[in-house]
Every structure is written in C-alpha cells, then in structure tokens.
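Residue numbers (the numbering used here): 11 to 284.
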C-alpha cells in the first residue's frame, strides 16, 4: 500500500479560484477551472504551467496536458496542467486563468521545491496562443491586494510554444479567433491578441517548434513571433520541423521527440533547468 500512497501524493488537483472567478470589467462567475500538479520524484526547481490546445472550444487535456506533465517529470520538472475556462467570445477569461495559475505556482515555490524565478509556461496550438498571451500581457502583481497570491508577478520566466496560434490577423486559425474574440471583433481587439505585435524587451525568452507542413495553424505564426523576439533582442529559438503537420503525427515519432529534446537543451543552455 505504501508505494500506491506515494504515487497518489505525486499528483494533486486544486481549484484555480478559491472564490468566484473574474471575467473582466469587474464581473465574476462560478468556475470549475483547476490545476493539476504533477510532482517529479526529484524536482530540479523548474516548473511549467501547461496550456492544452483545442481551438479555444475544448481542451486536449491528455496528450497536451497530463501527458506533457509526465514527460516533464522524467526530467525533474514540475508540470502544472491548467484546465482553463473556454472563452466563448470573452477574450480575457483564459488569460486571467493562466495568469492566476502562474501566480499560484510562484506562491507555492517553497512547498513544491521550486525556484520562483524558474516558472515557465508551455502551450500547444490555441494553448500556445494562451501561453504567448501570458508572455506578452503580464503585470507585477497588486501590492495592495488582500490575497497574497495576487501580490505576485504573473510574468512567466520563459515560454515553450509548440505549433502555436500566435496572431489573430490574416494568418490565424479561424476557429480559435472566433471562439476567443467573437464573430466580429474590433480591429483594436484583434491587434491586442496578435501576440507578435505585443513583444517588448520585457517579453520572456521563448522556444518555438512548428512543422513546415502544418495546414491547420500555418508556421508563419511561430516564425513571425520569433522575428519579433529577435528584433527586441529577447532570447528565442525557432525549430522548423520538416514534417508532422498539426499535432506532429499524433504526438509521437521523430518530430515530436525532436522538439522535446531541443527544448530541454534550450532550457539548460539558458540555465532555466538542470
């Protein structure tokens, strides 16, 4: 019985919001959003908040969520799977969830054997858009907040973006755009969530991977974000994969393994992991 108990303790789920969740403009709602923390046997101090894809209309929670956390655990990295709220045109909702997940992870750094300055975010497809939004729309926390979690920064220390949606412009994924922004968004809202336009010198480092034959989310999404990062002298790496399409052959095979191997090496080179 003891080994089984230890295994259970390695995974814990928490509601993301202890009270009603914000939706923006001072409004709140009841929420079932949650995080599931996969603790490695020997944590190395690095954590990643994991944002599964699904076109902002669903969540590929197993292959792009819990499966990623288990892989990270084998390398000593804590995986925090985020089951974020789906927007249904309420553009701020997923970002508010991602920001809070980062704050919660940072608040638990000591308890979870983490370094508070090695809290990153990883996302896939529309989850990549959410991760890149968190990396380009962040704040230092509210020093006057009653909740100590809200006083912490929601800036991720790094991003890993795998076949991500980045833009809401002409090269976007149409379903993700409609689900996030609604059917007829104003141009200024499109620009706000076109994250290649939101990069600054404060944007955290990013690793991007994208198949050149991705016909669902075109690789220019990653390429344009990487170009913007380079223009602002922010460390970034773009791995162009020769094949694999969207989802990289169903999350398996040499293209899937390539981004995993390269991203881990990138983290170690930047001393963001061990």
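The beta-carbon is built from N, C-alpha and C at its ideal position, and this holds for glycine as well. Since the structure is predicted, the reported quantities are computational estimates derived from the model, not experimental observations.
In whole angstroms, give me the CA-to-CA distance for residue i and residue j.
i, j, result
"residue 102", "residue 33", "6 Å"
"residue 67", "residue 183", "12 Å"
"residue 230", "residue 58", "25 Å"
"residue 221", "residue 228", "9 Å"
"residue 90", "residue 270", "17 Å"
"residue 79", "residue 86", "10 Å"
"residue 360", "residue 75", "With the chain running from 11 to 284 in the structure shown, residue 360 is simply not present."
"residue 95", "residue 42", "8 Å"
"residue 77", "residue 211", "32 Å"
"residue 154", "residue 163", "13 Å"
"residue 100", "residue 193", "11 Å"
Which same chain residues end up closer than 7 Å to residue i when comparing Cβ atoms and leaving out the 5 residues on each side of it in sequence?
i, result
"residue 248", "218, 232, 233 and 236"
"residue 259", "265 and 266"
"residue 25", "44"
Cutting at 8 Å between CB atoms, please list the residues of its own chain near residue i, excluding the five before and the five after it.
i, result
"residue 105", "140, 143, 144 and 147"
"residue 181", "228, 230, 231 and 234"
Measure the Cβ-Cβ separation of residue i and residue j and say whether it is below 7 Å.
i, j, result
"residue 56", "residue 283", "yes"
"residue 238", "residue 198", "no"
"residue 216", "residue 169", "yes"
"residue 71", "residue 48", "no"
"residue 122", "residue 84", "no"
Taking C-alpha atoms, which residue in the options lies nearest to residue i?
i, options, result
"residue 53", "76, 125, 78 and 262", "125"
"residue 98", "87, 257 and 65", "65"
"residue 204", "177, 73 and 100", "177"
"residue 179", "159, 172, 173 and 188", "188"
"residue 185", "261, 154, 135 and 166", "135"
"residue 172", "35, 256, 276 and 77", "256"
"residue 3", "128, 82 and 155", "Limits of the chain in this structure are 11 at one end and 284 at the other, which puts residue 3 out of reach."
"residue 243", "250, 225 and 209", "209"
Residues in its own chain within less than 6 Å of residue i by CB, not counting five upstream and five downstream?
i, result
"residue 119", "126"
"residue 137", "61, 62 and 63"
"residue 73", "261"
- Message: Extract the residue ranges of the beta strand (DSSP E) inside the stretch 88 to 120, only unbroken runs of 3 or more that lie entirely within it.
- Response: 88 to 93
- Item | Those runs of the beta strand (DSSP E) which lie wholly inside the stretch 17 to 96 and span at least 3 residues | 21 to 25, 31 to 34, 37 to 39, 44 to 48, 57 to 61 and 88 to 93
- Only counting runs of 4 or more residues, tell me where the alpha helix (DSSP H) segments fall wholly within the stretch 173 to 230, in order along the chain. Runs of the alpha helix (DSSP H) lying entirely within the stretch 173 to 230 and spanning at least 4 residues, in chain order: 184 to 191 and 197 to 202.
- Taking the runs of the alpha helix (DSSP H) that are 4 residues or longer, which of them lie wholly in the stretch 134 to 160? 136 to 146
- Message: Which complete beta strand (DSSP E) runs does the stretch 226 to 272 hold, if anything under 3 residues is left out?
- Response: 246 to 251
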